[in-house]
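Under numbering that gives the first Met the number 0, the first residue of the sequence shown carries the number 0, and numbering increases by one thereafter.
C-beta atoms are modelled at their ideal positions from N, C-alpha and C, and glycine is treated no differently.
One structure below.
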Amino acid sequence: MKLKTHLSGLALLLAAGAALAQPVYRHVDKNGKVTFSDQPPAANAQPAAPRGGSVASAGAGLPYELRQVAQRYPVTLYTSDECGPCGAGRSLLVTRGIPFDERTVKSNEDVEALQRLSGQASLPLLTIGSQQLKGFSDAEWSQYLDAAGYPKSGQLPASYRNPPAQPLVAVQPAPAAQQPQRAAPAPSNPPPPAAATGPTPSNPAGIKF
């Protein structure tokens, strides 16, 4: 009975391993949008020229081939504090030498932006080009990185550093407190003219009131 159970479990593991070993194909539509699938592209599919990315991590200082891949399929990791799988995902990217940007999810605005982006609020989330990988899986992430053309071993220069993590929603600086404007001093009224003394044409008797 125990042996039977053990063999059943082994069969399930082998089946899972076979599923993970399936090839991943990269599809590029006519607009340059990149997706990954376990289905090969159609024979008559016309590949489009991939569009360059604009992430900070795909900049100068990288080997030529790695820079080309990073520009075509930029990698972004979405994480939060006290998230064990997030740390495991980050370690995989760093160990493999993948240039990536990191976005942290902390505020309510960050959570709402993440839900708009992925349709859920679970982390980590990894994007490779336009492909989204929800939740951490060493085998799955490695498969998609391979399909995108990233090298299996690190090729980053020793001096290269990934950009520091940034919040998903940029923090707007608080407006500077405006100093209350001082009221301009009221103009002083000119002194009233001195009462005429002595006789005048309109007061020939010089009467004072």
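| query | result |
| --- | --- |
| Three or more C-beta pairs below 8 Å linking the stretch 110-120 and the stretch 83-101 | no |
| Buried/exposed call for Glu81, threshold 16 Cβ in 10 Å | exposed |
| Buried versus exposed call for Glu64 [16 or more other C-beta atoms within 10 Å across all chains shown] | exposed |
| Test item: CB-CB of Leu211 and Leu122 under 7 Å | The structure shown does not extend to residue 211, since the chain spans only 0 to 208, so no value can be given for it. |
| Strand pairing of Thr126, partner residues [DSSP] | Thr75, Gln131 |
| Spatial neighbours of Gly134 in its chain, beta-carbon cut-off 6 Å, leaving aside the 5 residues before and after | none |
| Start-to-end residues for the alpha helix (DSSP H) that takes in Asp109 | 107-117 |
| Per-residue DSSP class, three states only, for Gln171 | coil |
| Pro98 (DSSP reduced to helix, strand or coil) | coil |
| Per-residue DSSP class, three states only, for Gln70 | helix |
| Alpha carbon of Ala164 to alpha carbon of Ala146, nearest angstrom | 26 Å |
| Residues near Val68 in its chain [Cβ-Cβ closer than 7 Å; skip 5 each side] | Ala147, Gly148, Tyr149 |
| Ser141 - containing alpha helix (DSSP H), residue span | 137-147 |
| Exposure label - Gln130; buried when at least 16 CB within 10 Å | buried |
| Pro166 - DSSP class collapsed to helix/strand/coil | strand |
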